[in-house]
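Working notes for the structure below.
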Amino acid sequence: MEVIELCGVGILSAVICLILRKINSEAAFFVSVAAGTIVLSMVISMLMPTVNAVKDLSEQAGIDLRLIGIMLKALAVCYITTLCSSIARDAGENSAAVWLELGGRAAIAAISLPVFADLAKLITSLIR
659 MEVIELCGVG ILSAVICLIL RKINSEAAFF VSVAAGTIVL SMVISMLMPT
709 VNAVKDLSEQ AGIDLRLIGI MLKALAVCYI TTLCSSIARD AGENSAAVWL
759 ELGGRAAIAA ISLPVFADLA KLITSLIR
């Protein structure tokens with residue numbers, strides 16, 4: 659049912675934006691931003707059981723929770739960056755959207771650095 663609600667919000671906001679663009683394009687932009695925020699909060703609530711299951715499974719498998727945290731942070735950066743770049747594109751700022759996406763990729767690289775450091779240590783220990 660959650661997916662139907664999610665799609666309902668998306669379709670309803672698209673219709674409202676289409677109507678508002680003819681009357682007041684600025685209002686349509688704000689409806690789009692509000693809809694994006696609502697959809698993001700719905701997605702987060704839908705993902706929480708999955709996040710908790712991944713944490714539980716990683717604890718049972720003996721996987722370092724720090725690595726799971728890094729993965730979840732990178733996933734959050736992906737979602738937030740996509741939302742923000744879409745908002746920038748809706749506002750007609752394609753250049754800003756490209757820079758936001760670049761910033762998101764840089765943030766993911768920075769977040770992932772500890773994983774690469776651990777991987778380098780593992781490879782070094784295997785070589786010796």
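According to our numbering, the stretch in the sequence shown is residues 659 to 786, in order. Built from N, CA and C at the ideal position, the CB exists for glycine as well.
From the DSSP output, in three-state form, read off residue i for me.
i      : result
Gly750 : coil
Asp776 : helix
Ala786 : At residue 786 the sequence reads Arg, which differs from the Ala that was named. Of the three classes helix, strand and coil, the one that applies to Arg786 here is coil, per DSSP.
Excluding the five sequence neighbours on either side, which residues of its own chain have a C-beta within less than 6 Å of the C-beta of residue i, listed in chain order?
i      : result
Ala755 : Ser743, Ala746, Arg747
Leu741 : Gly694, Leu698
CA-CA distance, residue i and residue j?
i      : j      : result
Trp757 : Val691 : 19 Å
Ser716 : Ile769 : 19 Å
Leu644 : Ala686 : The requested residue 644 is not part of the displayed model; the chain covers only 659 to 786.
Leu784 : Lys731 : 29 Å
Ser683 : Ala749 : 9 Å
Leu733 : Gln718 : 22 Å
For residue i, which residues from the same chain have a beta carbon less than 7 Å from its beta carbon, with the 5 sequence-adjacent residues on both sides left out?
i      : result
Val697 : Leu664, Val667, Gly668
Ile726 : Val712, Lys713, Ser716
Asp776 : none
Kindly list the residues whose CB is nearer than 8 Å to the CB of residue i, restricted to its own chain and excluding five residues on each side of it in sequence; keep chain order.
i      : result
Val689 : Ser671, Ile674, Cys675, Leu678
Entirely enclosed alpha helix (DSSP H) segments - the region 697-740, minimum 4 residues = none
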